[in-house]
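First the structure, in the form of structure tokens, and then the observations on it.
Protein chains: 2
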Amino acid sequence: MRFSKQREAVYNVLCQTTSHPDVAWIYARTREIIPNISIATVYRNLQELLSIGKIKKLSAEGYAERYDANVSDHAHLVCSCCGKIVDIDMSQVDVKHSIAGVDRYEITFYGCCDECRNNKDASQNKQ
Amino acid sequence: MRFSKQREAVYNVLCQTTSHPDVAWIYARTREIIPNISIATVYRNLQELLSIGKIKKLSAEGYAERYDANVSDHAHLVCSCCGKIVDIDMSQVDVKHSIAGVDRYEITFYGCCDECRNNKDASQNKQ
DNA sequence: AATTATATGATAAACTTTATCATTTATTTT
DNA sequence: AAAATAAATGATAAAGTTTATCATATAATT
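Read top to bottom, the protein sequences are chains E and P. This note's numbering puts the first sequence at residues 265 to 391. This note's numbering puts the second sequence at residues 265 to 391.
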């Protein structure tokens, strides 16, 4: 597979964020680099990058499909306050199971991210 | 909220399967009960049932959004052979974590379901 | 330089989901 | 029971998302 400047741009845009963006965001960003890039090219390259394992797709309930250039084993925390998806290191997670045939798993936590929790605490202290 | 016969039909269709179907499947099935039901009504009722917690929506990487009338705490196994999603009882799963602010999590296992594993074994024994 | 293979941009087509609105159905009030 | 009110529906338009098509462009190979 060739690594065209379009494919490079899509990949770099994803590498430079930890925000797990959707296609619309990725498209907007790559257009800052290659103004006339086609949305079709963005979709195509996301698929290609997925198929060679350079990126991951992640599904959080009710949200549009999002992409992640961090392909290392990690979990996600979906913040119920701000909707942000935060990376969670697997050193913080311990999963044991007795299911036959499993070769991997994805775990998504739902709750309040550090940032929102700090904001809440701060506003409560004021009262 | 009223429980119209359309809402009832959508809910019953979901209750009578463990296949975690998508909207298209649910629509087809409810039309067997109410032939002139509108696709809009199906979407609407899925949203309503979601909002009152009677059903759950689940996201598996790369698949369309699927629905589940089993709202008890359980996990899923997505079969990499046949694509089927199988319910996993939480007694088979033990998750420990040290993440602050978390109130729940969703865990999805990927691998080979019992059925496919049995088929594989059978075909290998023949050789 | 010519040939071959791959990727692209533009856009149409397909598909999914939501919004609109007049009509229908159910509930409440009188 | 009839009238008034509220909620849900069906049909369909609109919006949004993703894939397919194809002529052109770009890169690699011969």
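Glycine included, each C-beta is placed from N, C-alpha and C at the ideal position.
Below 9 angstroms on C-beta distance, what does Tyr374 of chain P contact in chain E? Val366, Asp367, Arg368, Tyr369 and Glu370
Closer than 8 angstroms, CB to CB, is Ile319 of chain E near chain P or not? no
Could you tell me which whole beta strand (DSSP E) segments of length 3 or greater appear in the region 359–384 of chain E? 366–375
Residue interval of the beta strand (DSSP E) (run including Ile412 of chain E): Here chain E covers residues 265 to 391 and nothing more, so residue 412 of chain E does not appear.
DSSP-derived helix/strand/coil call for Ala288 of chain E: helix
Determine the chain P residues that contact Lys348 of chain E at a beta-carbon separation under 7 angstroms, and present them in chain order. Result: empty, since nearest Cβ-Cβ is about 12 angstroms, beyond 7 angstroms.
For Ile316 of chain P, does the count of other Cβ atoms within 10 angstroms reach 16, so buried, or fall short, so exposed? exposed
Ends of the alpha helix (DSSP H) at Cys279 of chain E? Lys269 to Cys279
Which residue's Cα is closest to the Cα of Tyr374 of chain P: P:Thr294, P:Ser302, P:Val342 and P:Asn300? P:Val342
Over what stretch of residues does the beta strand (DSSP E) that includes Arg330 of chain E continue unbroken? Arg330 to Asp332
Helix, strand or coil: how does DSSP classify Val335 of chain P here? coil
Quick check on the burial criterion: 16 or more other C-beta atoms within 10 angstroms. Buried or exposed for Arg330 of chain P? buried
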